[in-house]
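Novice:
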Amino acid sequence: MQNRTLEIGVGLFLLAGILALLLLALRVSGLSPSPSTDTYKLYAYFDNIAGLTVRAKVTMAGVTIGKVTAIDLDRDSFTGRVTMQVEKRVDNLPADSTASILTAGLLGEKYIGISVGGEEALLKDGGTIHDTQSSLVLEDLIGKFLLNTVSKDAK
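Letter by letter, the sequence shown follows residues 1 to 155 in the UniProt record's numbering.
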């Protein structure tokens, strides 16, 4: 009887460990259902969205204030359109704010960083951030450096 109780205890402990790992994996991946907060939608147009994904963070001063909900190609301007859900507690963003695609670390995940402008008019639900800075593509940077080095050697 004591052996059976020990086996059940070990089994429950193992099950709790597996559930804890599953919860941790969901939280890290961003798939966990977050508490539903009031949000509003903003749009930004970028020339290059390389590496940015849906569910990427939207931050301001290092604090997460929202997430990317959609990435589309604008057929008129041939630029990438990013749709963001921003928390209502940050409803005082000036209309001349800047959105940049940034990288966490050297080769980390891409996210959007918002820098506050100085205009008195505020962005509203469905508003567009016009001043944007596209993603820096490491391969393009290396290619430009190599071509610059080769052209200097040819002279």
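Even for Gly, the Cβ is constructed at its ideal location relative to N, Cα and C.
Taking C-beta to C-beta, are ASP125 and LYS41 nearer than 7 Å?
Specialist: Taking 7 Å as the Cβ cut-off, ASP125 and LYS41 qualify as a contacting pair.
Novice: Whole-angstrom Cβ separation of GLN133 and THR83, contact assumed at under 8 Å?
Specialist: Rounded, the Cβ-Cβ distance is 18 Å, inconsistent with contact.
Novice: Note the first and the last residue of the continuous alpha helix (DSSP H) segment covering ARG4.
Specialist: Its alpha helix (DSSP H) spans residues 2 to 29.
Novice: Pull up the CB-CB distance for GLY62 and SER135, whole angstroms please, since I reckon it's below 8 Å.
Specialist: That pair is no contact at about 19 Å.
Novice: According to the neighbour-count rule (16 or more other Cβ atoms, all chains shown, within 10 Å of its Cβ), is ALA44 buried or exposed?
Specialist: With 16 or more Cβ atoms within 10 Å of its Cβ, ALA44 is classed as buried.
Novice: Do GLY117 and LEU102 count as a contact pair if the criterion is CB distance below 7 Å?
Specialist: Against a cut-off of 7 Å, the Cβ pair of GLY117 and LEU102 comes out as no contact.
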